[in-house]
Structure formats: structure tokens, C-alpha cells
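Just so you know, we're using the working numbering here: the sequence shown kicks off at 10 and counts up by one. Data block below; observations after.
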Amino acid sequence: MIRFEHVGMRYGVGPEILRDLTFAIAPCSFQFLTGPSGAGKSTLLKLIMLSLRPTRGVIEMYGSDVARMSETELTMVRRKTGVVFQEFRLLDHLTTFENVALPMRVQGRSEASYRPEVVELLQWVGLGDRMHVLPPVLSGGEKQRAAIARALIAKPEFLI
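Encoded structure:
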């Protein structure tokens with residue numbers, strides 16, 4: 010599913026943040042990423058999310074080298090990845106429903122096509138009665154559940 014081969018990463022001319030990373034993440038596996046502050050955890054996650062490109066090495070996602078992918082192909086691969094951000098990244102001017110539905114709107118789907126899925130997912134995470142509330146009103150735990158629902162709504166193959 011995801012394979013890193015001799016991946017290195019540096020910002021500008023600074024020191025190499027990640028050095029010679031080689032690993033694979035198999036489908037249906039559960040992985041942990043730990044390390045001290047400054048170890049490169051966030052950089053590694055950004056590489057996996059394809060928001061950064063490595064300075065050397067090969068990253069394969071779903072059997073294809075990401076360096077050889079067009080922007081359209083990268084977008085399609087990114088859509089297979091759901092991300093639950095530590096700081097939630099909910100948009101304060103959108104309701105809980107609208108925040109969870111956002112990936113579907115970005116994909117160009119009509120509200121009629123995704124509304125039942127969003128409602129069902131919000132009920133599943135215990136936010137069925139909070140779907141019309143704006144994020145500033147939600148508790149930290151409710152924001153976390155909304156972020157989880159948003160990451161799951163597009164049925165990703167890979168969840169971070």
C-alpha cells in the first residue's frame with residue numbers, strides 16, 4: 010500500500026531531517042509513530058499525506074511512484090487518504106454537518122447524494138444532535154469526533 014525506499018528529507022540547505030527511511034505499510038495494518046520532539050514525525054506524516062516531496066528516495070503509494078504522478082493522479086491518491094488532524098482543522102464558519110461533508114463537496118458530489126452518509130456517520134460518532142452546531146460551541150471531544158467523521162466520510166483506504 011505505502012512503501013518508502015531510502016527516503017531522505019531536508020528543508021532548504023539545512024540538515025537532513027529524515028535519513029534513509031525504508032519501510033512498508035501493508036493494507037489493514039495498524040502502525041504507531043513515536044519519537045522525541047524534532048525527530049521528524051510531522052515531516053514523515055506530511056510525506057505520507059503527499060503534502061511534501063522527499064529530497065531523495067522513492068515513495069510508492071498503491072503501487073505507483075509518486076514522483077512520476079501527475080497532479081491529477083496525486084489528487085486521486087490523496088483522496089484515498091483520510092487524515093484526523095491533532096488540532097482538528099474544523100472551519101469555524103461551517104456547521105458540524107458541513108465540516109464533515111466538506112470532502113464530498115470538494116469532490117463535486119451533490120448534497121442529496123451524500124446527506125444520508127453524513128447524517129449516519131455523525132450519529133455513529135455520537136454527534137447526530139450536534140450536526141447544525143458551529144465548531145466553537147463543540148467540546149474538545151466533540152471536535153475530535155467531528156474530525157474523525159470528516160476523515161472517514163470518503164471511505165479512505167488509508168487513515169492517518
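Just so it is clear, CB atoms sit at the ideal spot from N, CA and C, and this is done for glycine as well. Because the structure is a prediction, the values reported are computed rather than measured.
According to the DSSP secondary-structure assignment, Ser73 is paired through a beta bridge with Met70. Taking a cut-off of 8 angstroms for Cβ pairs, the region 93-104 and the region 114-129 do not touch, as fewer than three such pairs fall below it.
Around the beta carbon of Lys152, a 10 Å sphere encloses 16 or more other beta carbons of the protein chains shown; the residue is thus reported as buried. Counting C-beta pairs with one atom in each stretch, the region 124-131 and the region 100-111 have three or more that are closer than 8 angstroms, which means they touch. Secondary structure in the region 79-112: the alpha helix (DSSP H) runs of 4 residues or longer, each lying completely within the stretch, are 80-87 in chain order. Per DSSP, Ala33 is one residue of the beta strand (DSSP E) stretching across Glu25 to Ile34. Val22 and Pro63 do not touch by the CB rule: their CB atoms are close to 16 angstroms apart, not below 8 angstroms. For Val16, the three-state secondary structure derived from DSSP is strand. Taking 7 angstroms as the cut-off, the Cβ atoms of Leu54 and Leu83 do not count as close. Going by DSSP, Arg154 is part of the alpha helix (DSSP H) stretching over Gly149 to Leu161. The residues Thr104 and Thr105, in chain order, have a CB closer than 7 angstroms to that of Val142 in the same chain once the five nearest residues on each side in sequence are set aside. Per DSSP, the unbroken alpha helix (DSSP H) holding Val127 starts and ends at Glu120 to Trp133.
The beta carbon of Ser73 sits closer than 8 angstroms to the beta carbons of Glu82 and Val86 from its chain, once the five residues preceding and following it are set aside; these are given in chain order. Between the C-alpha atoms of Glu25 and Met18 there is a straight-line separation of about 6 angstroms.
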